[in-house]
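Those letters in the sequence shown? Residues 28 to 125, per the numbering used here, in order. Beta carbons are placed, not taken as given, at the ideal position from N, Cα and C, and that holds for glycine. Only a predicted model underlies this, so the values are computations on that prediction, with no experimental measurement involved.
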Amino acid sequence: MIKQLLTATAFFVVATAQAEPHGNCVTNELDDRLITADLAIAVGNCHLARASDEGEAISALEYAHSWFLQAQALGSSQARQGLDVVEGKLAQAGQAHD
């Protein structure tokens, strides 16, 4: 019962963050047992959306990368696409600072 409640709460937070891209995304540690591939993809996408804000771009991309890696480890077929986008944006950001 508690696991379902915590999972539902996490999904609510992610859905709210996705509805408002400049809002908050999940950044804190969650119990690994509560994280699903779909949740990790949703949080990764939330951070990817926040990467459009120049002041937060690098940290948002790093968070997105971490969540997409977690989704991939959980068997998500969508994770590779997210990782490719994030890695491309990180490479561009690195070239811009050179």
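Could you tell me the distance, in whole angstroms, from the CA atom of residue i to the CA atom of residue j?
| i | j | result |
| --- | --- | --- |
| alanine 106 | isoleucine 62 | 14 Å |
| alanine 67 | glycine 121 | 25 Å |
| histidine 54 | tyrosine 90 | According to the sequence displayed, residue 54 carries threonine and not histidine. When rounded, the distance between both Cα atoms is 7 Å. |
| serine 79 | lysine 116 | 10 Å |
| glutamate 83 | glutamate 56 | 19 Å |
| leucine 88 | arginine 60 | 24 Å |
Quick one: what does DSSP say residue i is sitting in, helix, strand or coil?
| i | result |
| --- | --- |
| isoleucine 62 | coil |
| aspartate 111 | helix |
| glycine 102 | coil |
| serine 93 | helix |
| glutamate 83 | helix |
Which whole-angstrom value is the C-beta distance of residue i and residue j, which I expect to be below 8 Å?
| i | j | result |
| --- | --- | --- |
| serine 103 | alanine 64 | 4 Å |
Is residue i buried or exposed, if buried means 16 or more other CB atoms sit within 10 Å of its CB?
| i | result |
| --- | --- |
| asparagine 72 | buried |
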